[in-house]
Amino acid sequence: MDPLLKKAARNGDVNFLKEAVSLQMPEYFLTETPSEEGGALGGNIFHLAAYFDKVDFFREATKLLPKHVVERLVFEPNEICRYTPLHAAAIKGKFNHSTAKLIKEIHGTLGTGKPWLALNQDDMTPLHVALKDHKDNEACAMEILSMDVHFESAFIVDEDGNTPLYYALKNGFDQVSEKILTFFLFSAAAFRTKDVPTPFHLAPYSSENVLRLLFKNFADYIDKTDDRGYSVLHQWAEKGDAGPCKVLLESDDFSELRTKVFTELVNAKEDKYSETPMHLAARKKQSELAHLMIRGYKQSSIAELESEPDCPPWKIKNKKGNTPLHSALYGKSPHEEFALEILSIDPMLCRIRNNKGESPFFLAVRSGCTRAVDEILRIEEPSFDLLHSNTGTTVLHCLSTCPENTGKRLLGKYWWMIKLTDDSRKTALDKAKEANVLWLVNLLTNPSLIRKERFDWVSACKRQETQAVLAFINHCQDLQRACREENDTPLHHIKLDTYEGYLTLLQDPSIRELKNMTDHDGTTPLHRALERKDMLLAKVLLLDDGVERFIADRNGRTAMDLLAKLCKESDDWEEMCKQIKVNPHMKTSYIQSATNLDQIRNTLSVVAALLATITFAAGFTLPGGINNITGQAILAKKAAFLVFLLADVYAMCTAMLVLFCLIWSMVSEPDMARLLVDQSVFILMQSLYGTLLAFMTGVYTVIASSSLWAAILVFVMCSIIGISANRTILHYVIAKFIPASSTSANTNTNIEMQDRMRLLEEGTVGASSARNDTSPNMK
Numbered sequence: 001m002d003p004l005l006k007k008a009a010r011n012g013d014v015n016f017l018k019e020a021v022s023l024q025m026p027e028y029f030l031t032e033t034p035s036e037e038g039g040a041l042g043g044n045i046f047h048l049a050a051y052f053d054k055v056d057f058f059r060e061a062t063k064l065l066p067k068h069v070v071e072r073l074v075f076e077p078n079e080i081c082r083y084t085p086l087h088a089a090a091i092k093g094k095f096n097h098s099t100a101k102l103i104k105e106i107h108g109t110l111g112t113g114k115p116w117l118a119l120n121q122d123d124m125t126p127l128h129v130a131l132k133d134h135k136d137n138e139a140c141a142m143e144i145l146s147m148d149v150h151f152e153s154a155f156i157v158d159e160d161g162n163t164p165l166y167y168a169l170k171n172g173f174d175q176v177s178e179k180i181l182t183f184f185l186f187s188a189a190a191f192r193t194k195d196v197p198t199p200f201h202l203a204p205y206s207s208e209n210v211l212r213l214l215f216k217n218f219a220d221y222i223d224k225t226d227d228r229g230y231s232v233l234h235q236w237a238e239k240g241d242a243g244p245c246k247v248l249l250e251s252d253d254f255s256e257l258r259t260k261v262f263t264e265l266v267n268a269k270e271d272k273y274s275e276t277p278m279h280l281a282a283r284k285k286q287s288e289l290a291h292l293m294i295r296g297y298k299q300s301s302i303a304e305l306e307s308e309p310d311c312p313p314w315k316i317k318n319k320k321g322n323t324p325l326h327s328a329l330y331g332k333s334p335h336e337e338f339a340l341e342i343l344s345i346d347p348m349l350c351r352i353r354n355n356k357g358e359s360p361f362f363l364a365v366r367s368g369c370t371r372a373v374d375e376i377l378r379i380e381e382p383s384f385d386l387l388h389s390n391t392g393t394t395v396l397h398c399l400s401t402c403p404e405n406t407g408k409r410l411l412g413k414y415w416w417m418i419k420l421t422d423d424s425r426k427t428a429l430d431k432a433k434e435a436n437v438l439w440l441v442n443l444l445t446n447p448s449l450i451r452k453e454r455f456d457w458v459s460a461c462k463r464q465e466t467q468a469v470l471a472f473i474n475h476c477q478d479l480q481r482a483c484r485e486e487n488d489t490p491l492h493h494i495k496l497d498t499y500e501g502y503l504t505l506l507q508d509p510s511i512r513e514l515k516n517m518t519d520h521d522g523t524t525p526l527h528r529a530l531e532r533k534d535m536l537l538a539k540v541l542l543l544d545d546g547v548e549r550f551i552a553d554r555n556g557r558t559a560m561d562l563l564a565k566l567c568k569e570s571d572d573w574e575e576m577c578k579q580i581k582v583n584p585h586m587k588t589s590y591i592q593s594a595t596n597l598d599q600i601r602n603t604l605s606v607v608a609a610l611l612a613t614i615t616f617a618a619g620f621t622l623p624g625g626i627n628n629i630t631g632q633a634i635l636a637k638k639a640a641f642l643v644f645l646l647a648d649v650y651a652m653c654t655a656m657l658v659l660f661c662l663i664w665s666m667v668s669e670p671d672m673a674r675l676l677v678d679q680s681v682f683i684l685m686q687s688l689y690g691t692l693l694a695f696m697t698g699v700y701t702v703i704a705s706s707s708l709w710a711a712i713l714v715f716v717m718c719s720i721i722g723i724s725a726n727r728t729i730l731h732y733v734i735a736k737f738i739p740a741s742s743t744s745a746n747t748n749t750n751i752e753m754q755d756r757m758r759l760l761e762e763g764t765v766g767a768s769s770a771r772n773d774t775s776p777n778m779k
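Here full-length UniProt numbering is used: position 778 in the sequence shown is 778, and no number is missing along the way.
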């Protein structure tokens, strides 16, 4: 296209058009400008004039140009995107509906073609273009639709699979929707799309008349869901439009449809969060719609079934574990009326916690819903798990949002949680100071002013309310004794989320006393941490020098046995062991878990030093003496003398090696120190064997030639002692040939068992006494 002609069409320059018509051939006006040169659209002069709303230019061109040229320019699509001028006018229909009207007049004059059925490259008619993604285009769309007296374009599906009715409903073009639905009454052919399964998903955008037409035309589609699993009720709840539910409830024309919606769809879950429509209504703060759903459910479901269903919509949980009651109590502007209505329907909803550990009671306190708090307390006393979330935040952290009377009441009931901290290490006092609530700060600063109610700590232990028990420790030190008498500790069951939390816990003096205590199965807290694969607690305990790792439970398993098994199963555990320098695969042969390393180290060092001294001296006090002239050993060529000399050197070297091992064990890591001391026992045994052999061969060397029988007797005696020194053989011999030891051991065992039974009975009495003595003054 001539640049001057293109400019004239864009600017609506009628004078240039007149001059060009008088000077140029008709083919001059049939040329097109590409999209990359002609702007967003390109095409012939009518495309440009329609797109830029140059009605006068458009009208003048139809008068000046030959009829056949006008027909081609108006009705033929351009080469780039297959747009006709009517498509171009529809793009900006808010401004260009006058152009569309002019094209309608031209069509009436020429009487050829059907421009409203022309398809662009996306298979879209001008009506599609006017309705899709263009707000305030309804006038232009109605103008285009008025050309199509038989509504042929209403059946056409574009490249995305959508008919014009879909775009009309989506963008709230009620006039277009009503006109199409009225023409196609009782026919669903006019609505087709891939985006939503039914037009009801678009109903919140529509007027009451359109809704009624939709209910008449598409009743069979009411239960279909979209790709998200959204039913029509989900969609209405998300958009916050109660109109469709009102039409269903207030009209007698849709009784069957109403029953299906409020008995089946009201309980349907969407895919992502498994939320029902009532969850969405509560979360989106759509009270009116939520009330309508409850009303519709009661009218339809209970009336139809004549009995209360097992799982009504207000009891269903989503993936986050929230019931509609939870959703109603969330946020700074909770819907307390709706929450109270649900509680009046089903009071036991107050027992349900979501996945964050938040109960309705916790949320009611946090949201300042005093009436909901009072109602839940009236229903029943919340257990400890209903008083806090998984982040450690308790109801006392949330008192700053409550009225003073309610806050004082809750402080009196839950005073033992005052020192509990959340994950940010903040107490209830810290939160009160941040909120600058003076009455609350005063009470938390002076807990003696609080009228405290009794805390049932025994029941808390039975329910494994670990945090409650730990909080009570600060006020009742007798609880530690009770834990010992019950042969169990909170440390066996506690589960925290952070390493720092466990570290702080073990710094508590009361807890440190319990870290090696065994429970009824003989397991320590380290056993339990490894059994439940709690790496954070296991790491803290393994790094604690005071934690015993080699205590065996009743199955004979030590904590290190469990750790070794975990390391074989998971590289993460192996990496953790390397990081904290713990060797779970280390096995000791002589050192037991209860062995005092300092004592055995001192003993071994004394024995090793003594052996080193003796063997060192024996090396210079040779059997048979030395030649005074040459200084050489007189018996140096005898085999027995050479064995004596080698055994003595072996004994001295192994004794020195023991001393070196013991020295390094004092500055090594605990595991390596234990291994060095353990191996020192074995090496010291070698030194003793060498010393014994040196003695045997030394005696043999000096007396064998004169008294062979004596030398042989010495050999036999020393050999028996050497063989008997083996631990397995020695244990067998003592148990087999010295009955008194077995009898004594059995007697001691019986006495020990009797003592344990007596202590257990006393512990039971003590625990019962602790239960009976527990009072509000135990703090």
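Glycine is no exception: its CB is placed at the ideal position from the N, C-alpha and C atoms.
Nothing here was measured: the structure is a model prediction, and the numbers come from that model.
When the Cα of residue i is compared with those of the options, which residue comes out closest?
i	options	result
L543	Q507, S570, R554, D519	Q507
F262	M278, Y273, S274	M278
A9	P34, Y51, P26	Y51
M417	K433, N436, E465	E465
F695	L646, F660, G407, I663	L646
G161	K132, T193, A237	T193
P66	Q24, A268, L86, V247	Q24
S680	S706, A655, P3	A655
L420	T198, F384, F682	F384
A89	C81, Q599, A100	A100
D521	N487, A529, R549	N487
P126	L688, F75, F183	F75
S510	L491, T524, R528	L491
F191	K269, T163, Y230	T163
Check the C-beta distance from residue i over to residue j and give it rounded, since I have them as a contact under 8 Å.
i	j	result
M652	G698	Between G698 and M652 the Cβ distance is about 14 Å, and since that is not below 8 Å, they are no contact.
K239	Y273	Going by Cβ atoms, the distance from K239 to Y273 rounds to 17 Å, so no, they are not a contact pair.
Assign residue i to one of two classes, buried (16 or more other C-beta atoms within 10 Å of its C-beta) or exposed (fewer than that).
i	result
S177	buried
G392	buried
R228	exposed
S769	Only weak support exists for where S769 lies, its pLDDT of 36 falling under 50; the value from the coordinates is given anyway. Exposed.
I144	buried
D56	exposed
Q579	exposed
Q286	buried
M666	exposed
I180	buried
V149	exposed
Below 7 Å CB to CB, which residues in the same chain sit around residue i once its five sequence neighbours on both sides are set aside?
i	result
E264	D223
K315	T323, D346, L349
N209	E178
D545	P670
E375	L340, L343
R72	L30
V540	Y499, Y502, L503, L506
L280	H234, A237, E238
Please return the same chain residues whose Cβ sits closer than 8 Å to the Cβ of residue i, not counting the five positions on each side in sequence.
i	result
Y414	L387, T394, V395, L396
A61	L17, F29, I45, F46, A49, V70, L73
C311	N267
Counting only the same chain and skipping the five closest in sequence on each side, list residues whose C-beta sits under 6 Å from that of residue i.
i	result
L496	Y502
M147	K104, W116
Q235	H201
G296	L249, F262
R283	S327
D583	The sequence given here places Asn at residue 583; Asp does not occur at that position. Result list for N583: D671, in chain order.
Using a Cβ-Cβ distance cut-off of 8 Å, determine whether residue i contacts chain D.
i	result
V266	The structure shown contains no chain D, having only a single protein chain.
Return yes when the C-beta of residue i is under 7 Å from any heavy atom of the ligand PLP, and no when it is not.
i	result
L657	Annotation note on the ligand PLP: not contained in the displayed structure, which lists no ligands.
Only counting runs of 4 or more residues, tell me where the alpha helix (DSSP H) segments fall wholly within the region 196–258, in order along the chain. 208–217, 232–239, 243–250
Of all the alpha helix (DSSP H) runs that stay within the bounds of the region 481–562, which reach a length of 4 or more residues? 499–506, 509–512, 525–531, 535–543
Could you tell me which uninterrupted alpha helix (DSSP H) segments, each at least 4 residues in length, are contained entirely in the region 366–413, listed from first to last along the chain? 370–379, 404–413
Starting from the N-terminal side, write out each stretch of the alpha helix (DSSP H) that is 4 residues or longer and does not extend beyond the region 105–180. 126–131, 138–147, 164–170
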